[in-house]
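In our numbering, each residue's number is its place in the sequence shown (first place is 1) plus 84. Ideal Cβ placement from N, Cα and C applies to all residues, glycine included.
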Amino acid sequence: MNNRSLLTRRLAQGAVIAAIYVVLTFVFAPISFGAMQVRIAEMLTILPLFTPAAIPGLFIGCLLANILGGAIIWDVIFGSIATLIGAALGYVLRFNRWLVPIPAVVANSVIVPLVLRYGYGVDMPILLMVLYVAIGEIIGCYVLGELLATVLLKRKQIFGGARSDA
85 MNNRSLLTRR
95 LAQGAVIAAI
105 YVVLTFVFAP
115 ISFGAMQVRI
125 AEMLTILPLF
135 TPAAIPGLFI
145 GCLLANILGG
155 AIIWDVIFGS
165 IATLIGAALG
175 YVLRFNRWLV
185 PIPAVVANSV
195 IVPLVLRYGY
205 GVDMPILLMV
215 LYVAIGEIIG
225 CYVLGELLAT
235 VLLKRKQIFG
245 GARSDA
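See the structure below:
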């Protein structure tokens, strides 16, 4: 595959990932925002296992979901950066599918509670918010993400036939 075709494929993959992230966030909006959240779209953080296009796709998807969801600027910036960190480091750890979601869980569990406290003024202990966000991320990234990975590993042609080189 030539470089132009590869770039086109990755741009399309990233755009589709971003769109799916936004749609999932809004379909499940009642549980996608707040101190106790399970953002179903976070299951997509497993996608760096399959394609580097997931890195910008997840970042842009989270950015758009936060903007369209009416988030404050600090949430738009830092919540999206947490997803970017998770996706980029997940891609680095793609040699082991069980490690891929860890950076997303950790980045969101550290960053989101600080945004909730200092951006939104949520009056809960920080450690309790860390626990709530971590539980939501584990459900999204590990439970749902690993189910998604299992399905996608059986259908490798979706990302061009190779696991992370497509």
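Exercise. Counting pairs of Cβ atoms below 8 angstroms between the segment 194–204 and the segment 135–147, do you hit three or more?
Worked result: Because the criterion of three Cβ pairs below 8 angstroms is not met, the segment 194–204 and the segment 135–147 do not touch.
Exercise. When you compare only the Cα positions, how much space is there between Ser164 and Asp207?
Worked result: Straight-line Cα distance between these residues: approximately 22 angstroms.
Exercise. Do you know how far the Cα of Pro114 is from the Cα of Tyr125?
Worked result: For clarity, residue 125 is Ala in the given sequence; the question names Tyr instead. In a straight line, the C-alpha of Ala125 is about 13 angstroms away from that of Pro114.
For this session: Pair every Cβ in the segment 151–162 with every Cβ in the segment 129–137, then say whether three or more of these pairs are closer than 8 angstroms.
Result: Contact between the segment 151–162 and the segment 129–137 is not established, with fewer than three Cβ pairs separated by less than 8 angstroms.
For this session: Since I believe Leu128 is in contact with Ile104 (beta carbons under 8 angstroms), could you give me their beta-carbon distance rounded to a whole number of angstroms?
Result: Going by Cβ atoms, the distance from Ile104 to Leu128 rounds to 6 angstroms, so yes, they are a contact pair.
For this session: With a floor of 4 residues, list each alpha helix (DSSP H) that falls wholly inside the segment 191–247, ordered by position along the chain.
Result: Runs of the alpha helix (DSSP H) inside the segment 191–247: 210–221, 229–238.
Exercise. In its own chain, which residues sit with a C-beta less than 7 angstroms from the C-beta of Leu236, not counting the 5 before and 5 after it?
Worked result: Counting only Cβ-Cβ distances below 7 angstroms, and skipping sequence neighbours, we find Phe134, Ile242.
For this session: Taking all protein chains shown into account, decide if Val277 is buried (16 or more other Cβ within 10 angstroms of its Cβ) or exposed.
Result: The chain is shown only over 85 to 250; residue 277 falls outside these bounds and no answer can be derived.
Problem set entry | 4 or more residues per run - each alpha helix (DSSP H) lying fully within the segment 112–189 | The segment 112–189 is shown to contain whole alpha helix (DSSP H) runs of 4 or more residues at 113–116, 138–152, 157–176, in chain order.
Exercise. Which one of Trp182, Ile186, Phe179 has the shortest CA to CA distance from Ala166?
Worked result: Per the Cα distances, Ile186.
Exercise. Taking C-alpha atoms, which residue in Leu215, Leu232, Tyr226, Leu228 lies nearest to Met120?
Worked result: Check the Cα spacing between Met120 and each of Leu215, Leu232, Tyr226, Leu228: the tightest is with Leu215.
For this session: Report the three-state DSSP secondary structure of Asn87 (helix, strand or coil).
Result: If DSSP states are grouped into helix, strand and coil, Asn87 belongs with the helices.
For this session: Inspect the beta-carbon positions of Val158 and Tyr226 and report whether they are closer than 9 angstroms.
Result: The residue asked about is misnamed: residue 158 is Trp in this sequence, not Val. Cβ distance not < 9 angstroms, so Trp158 and Tyr226 don't count as in contact.
For this session: Assign Thr109 to buried or exposed, taking buried as 16 or more other Cβ atoms, counted over all protein chains shown, within 10 Å of its Cβ.
Result: Thr109 comes out buried.
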